[in-house]
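*Asks:* I have a structure here, written as structure tokens, and I will follow up with some questions on it.
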Amino acid sequence: MSAESITAGLGAEYAATASEAYRAALQVIESVEPRIADATRKELADQRDSLKLIASENYASPAVLLTMGTWFSDKYAEGTIGHRFYAACQNVDTVEALAAEHARELFGAPYAYVQPHSGIDANLVAYWAILATRIEAPGLAEMGAKHVNDLSEADWETLRNAMGNQRLMGMSLDTGGHLTHGFRPNISGKMFHQRQYGTDPTTGFIDYDAVAAAVREFKPLVLVAGYSAYPRRVNFAKMREIADEVGATFMVDMAHFAGLVAGKVFTGDEDPVPHAHVVTTTTHKSLRGPRGGLVLATEEYAPAVDKGCPMVLGGPLSHVMAAKAVALAEARQPAFRQYAQAVADNAQALADGFVKRDAGLVTGGTDNHIVLLDVTSFGLTGRQAESALLDSGIVTNRNAIPADPNGAWYTSGIRFGSPALTTRGFGADEFDRVAELVVEVLSNTQPAAGPNGPSKAKYILGDGTADRVRAAAAELLDANPLYPGLTL
Ligand code: DSN
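In structure tokens, the structure reads:
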């Protein structure tokens, strides 16, 4: 695999032009609010100088980043392509249509909606589109009305109650699901009567027979698959069969692994697009685009999804839709497939690096881009481990593990992801060295007591560890520079 093809996304080929553009932009910002210019410079330096292993982060290309800084930001365009509530949206129409076309072509989907501002917004659009299609539209027909505004107050109340009394089943948060998949503190757990499926307590893997039994018993209107901390692949064909048994709409949130779908690492039963009625994603994780979301849907659900704004969303961020179009165009290049394969190979190398150093992994390994380390094997909480790693220049996030004894705040796990460092050009040897450095930090960290006894947050990092690890990390980072040639 050629290293250049993986790092091509960082824009080395146009670094001189990008440097000029950024220098000019920072000069302009400086003249208005110098502290923002300083923070912007410092953010680049911090990102360049640390091992970024947060599984949901990446580095977008300068082309994507620069696309966001334009006058499209100033335009209102509520509505959809060719059907806006504002005048003079012809250029926004061009941008939105191009982004949607790239998304449809990239993922092989009949329909794409590129307006969602985030993954949560994409999921809300999807949920309301499913309710509109499955409950509102047939309810209206039964009541002999064409539009909700034609209903009497009493009929509307009946329909509203029907929409607010539906069932949703998704993966539980502690086994790797996402808070928008029916977690009570999130709106998804309040607007739906929800129940969750988990993983096998012994193996940590999804047990499809157990999911099928739970779905048969609960009979949800919506079955959600997808995860933010499950280190394994999902068989979406099997999940669709389970949904079909009870007539559930099958929705997949591929926010984390959209890059692996786009890059054809997940194909066949592991590609959610041919199997789900609705697929949602963010655009900034493994897909390596701007912060935002999108929804893919079958013809049946497309008309309701297309009403995402104003149904759920405020005015579309046209400058971000433009950047989505650029990022999706990048993901359609052959080099992106090499990148996606390297993401999966590197996560494997990281997991192997932990296993050979006797560090405990949830499910014993990975076959996607996530590695979930159980830090109880080091006598630490996730919070202590996250802080000690950060002191040493390793940026991760703490994460619950199944049946976590320390809850969702302190946690017992650290989640690692390979997308960002793979974009920098790290390969399997570098990821093995990263595993070695992580183990070095955690082996030299002790839990410490707080003023009132045992603490889940306080820790003592052995003398010299942070400096030693930072120096070793610097060697890896210097050999794989972020935005090579970009100078501010
Ligand atoms: N915040 C994202 C993540 O880190 O996985 C999910 O919303």
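With the first letter of the sequence shown counted as 1, position 223 gets the number 223 in the UniProt record's numbering; the numbers rise by one all the way through. Even for Gly, the Cβ is constructed at its ideal location relative to N, Cα and C.
Got a list of residues with beta-carbon closer than 5 Å to any non-hydrogen atom of the ligand DSN, in chain order?
*Replies:* The answer, residue by residue, is S56, S228.
*Asks:* Could you work out which residue in A258, G259, L223, A262 is closest to D244 when comparing CA atoms only?
*Replies:* Numbered from 1 along the sequence shown, position 244 holds the residue referred to as residue 244. That would be L223, whose Cα lies nearest to the Cα of D244.
*Asks:* Anyone know if the C-beta pair for A276 and F236 falls short of 8 Å?
*Replies:* As a position in the sequence shown, residue 276 is number 276, starting the count at 1. As a position in the sequence shown, residue 236 is number 236, starting the count at 1. Cβ atoms of A276 and F236: closer than 8 Å.
*Asks:* Less than 8 Å between the CB atoms is what I'm expecting for S286 and H369, so what's the real figure, rounded?
*Replies:* If you number the sequence shown from 1, residue 286 lands on position 286. If you number the sequence shown from 1, residue 369 lands on position 369. S286 to H369, Cβ: 6 Å. Contact.
*Asks:* Measuring CA to CA, which of P419, L168, N406 is closest to H256?
*Replies:* Within the sequence shown, residue 256 is the residue found at index 256, counting from 1. It is P419 whose Cα lies nearest to the Cα of H256.
*Asks:* Roughly how many angstroms lie between the CA atoms of T40 and K324, to the nearest whole one?
*Replies:* As a first step, residue 40 must be located in the sequence shown, where it is residue number 40. As a first step, residue 324 must be located in the sequence shown, where it is residue number 324. Looking at the backbone, the Cα of T40 and that of K324 are separated by about 22 Å.
*Asks:* So, under 8 Å CB-CB, E299 and Y127 are touching, yes? Tell me the CB distance rounded to an integer number of Å.
*Replies:* In the sequence shown, counting from the first residue as 1, residue 299 sits at position 299. In the sequence shown, counting from the first residue as 1, residue 127 sits at position 127. Contact flag wrong, Cβ pair sits at about 19 Å.
*Asks:* Going by alpha carbons, who is nearest to R134 out of A122, R160, L296, V362?
*Replies:* Reading the sequence shown from its first residue, position 134 is the one you call residue 134. The residue with the shortest Cα to Cα distance from R134 is R160.
*Asks:* If Y483 and G11 are in contact, beta carbons under 8 Å, what's the gap, nearest whole angstrom?
*Replies:* Counting from 1 along the sequence shown, the entry for residue 483 is found at position 483. Counting from 1 along the sequence shown, the entry for residue 11 is found at position 11. The pair is a contact, with the Cβ atoms about 7 Å apart (cut-off 8 Å).
*Asks:* Would DSSP call F107 helix, strand or coil?
*Replies:* Translated into positions along the sequence shown, residue 107 becomes position 107. Judged by DSSP in its simplified three-state form, F107 adopts helix.
*Asks:* Considering only residues of the same chain and omitting the five flanking positions on each side of residue 491, which have a CB-CB separation below 8 Å?
*Replies:* Residue 491 falls outside the range modelled here, since the chain spans only 1 to 488, and no answer is possible.
*Asks:* Please classify E105 as buried or exposed, where buried requires at least 16 neighbouring CB atoms within 10 angstroms.
*Replies:* Reading the sequence shown from its first residue, position 105 is the one you call residue 105. Looking at its Cβ environment, which holds fewer than 16 other Cβ atoms inside 10 Å, E105 is exposed.
*Asks:* For A448, I'd like the list of residues in its chain whose CB is within less than 7 Å of its CB, leaving aside the five on either flank, ordered along the chain.
*Replies:* Stepping through the sequence shown from its first residue, residue 448 is reached at position 448. The residues are S455, K458, Y459, I460.
*Asks:* Could you compute how far the alpha carbon of A45 sits from the alpha carbon of L486?
*Replies:* Here residue 45 corresponds to residue number 45 of the sequence shown, with the count starting at 1. Here residue 486 corresponds to residue number 486 of the sequence shown, with the count starting at 1. Taking the straight line joining both Cα atoms gives about 11 Å.
*Asks:* Cβ of H284 within 8 Å of Cβ of N58?
*Replies:* Residue 284 sits at position 284 when you count from the first residue of the sequence shown. Residue 58 sits at position 58 when you count from the first residue of the sequence shown. Taking 8 Å as the Cβ cut-off, H284 and N58 qualify as a contacting pair.
*Asks:* Exposed or buried, what is I36 when buried is set at 16 or more other beta-carbons lying within 10 Å of its beta-carbon?
*Replies:* Position 36 of the sequence shown, counted from the first residue, corresponds to residue 36. Per the 10 Å Cβ criterion, exposed.
*Asks:* Excluding the five sequence neighbours on either side, which residues of its own chain have a C-beta within less than 7 Å of the C-beta of R433, listed in chain order?
*Replies:* By 1-based counting over the sequence shown, the position of residue 433 is 433. Contacts found: L476.
*Asks:* Taking Cβ positions, are F378 and L442 nearer each other than 8 Å?
*Replies:* What you label residue 378 is simply residue 378 of the sequence shown in a count that begins at 1. What you label residue 442 is simply residue 442 of the sequence shown in a count that begins at 1. Yes. Within cutoff.
*Asks:* Going residue by residue through the region 50–78, where are the continuous alpha helix (DSSP H) segments of at least 4 residues, counting only ones entirely within it?
*Replies:* Whole alpha helix (DSSP H) segments, 4+ residues: 62–67.
*Asks:* So L488 and R23 are supposed to be a Cβ contact under 8 Å. How far apart are they, rounded?
*Replies:* Taking the first residue of the sequence shown as 1, we reach residue 488 at position 488. Taking the first residue of the sequence shown as 1, we reach residue 23 at position 23. That belief holds up - the Cβ atoms of L488 and R23 are roughly 6 Å apart, short of 8 Å.
*Asks:* Going by Cα to Cα distance, which pick from T175, A60, V234 is closest to A225?
*Replies:* Here the question's residue 225 lines up with position 225 in the sequence shown. Closest by alpha carbon: V234.
*Asks:* Considering only the alpha carbon of each residue, which of N346, E440, T175 lies closest to A466?
*Replies:* Taking the first residue of the sequence shown as position 1, residue 466 is located at position 466. If you compare the alpha carbons of N346, E440, T175 with that of A466, the shortest gap goes to E440.
*Asks:* What's the call for Q348, buried or exposed, on a 16-neighbour Cβ count within 10 Å?
*Replies:* In the sequence shown, counting from the first residue as 1, residue 348 sits at position 348. Label assigned to Q348: buried.
*Asks:* If I measure Cβ to Cβ from G315 and keep anything under 6 Å in the same chain, skipping five residues before and after, which residues do I get?
*Replies:* Start at 1 with the first residue of the sequence shown, and residue 315 comes out as number 315. Contacts found: Y76, E78.
*Asks:* Please classify F250: does DSSP put it in a helix, a strand, or coil?
*Replies:* Stepping through the sequence shown from its first residue, residue 250 is reached at position 250. When DSSP states are grouped into helix, strand and coil, F250 belongs to the strand group.
*Asks:* Do the region 111–122 and the region 288–295 make contact, defined as three or more Cβ pairs closer than 8 Å?
*Replies:* yes
*Asks:* Flag this pair as yes or no: are the beta carbons of N123 and D253 separated by less than 8 Å?
*Replies:* If you number the sequence shown from 1, residue 123 lands on position 123. If you number the sequence shown from 1, residue 253 lands on position 253. Yes, they are a contact pair.
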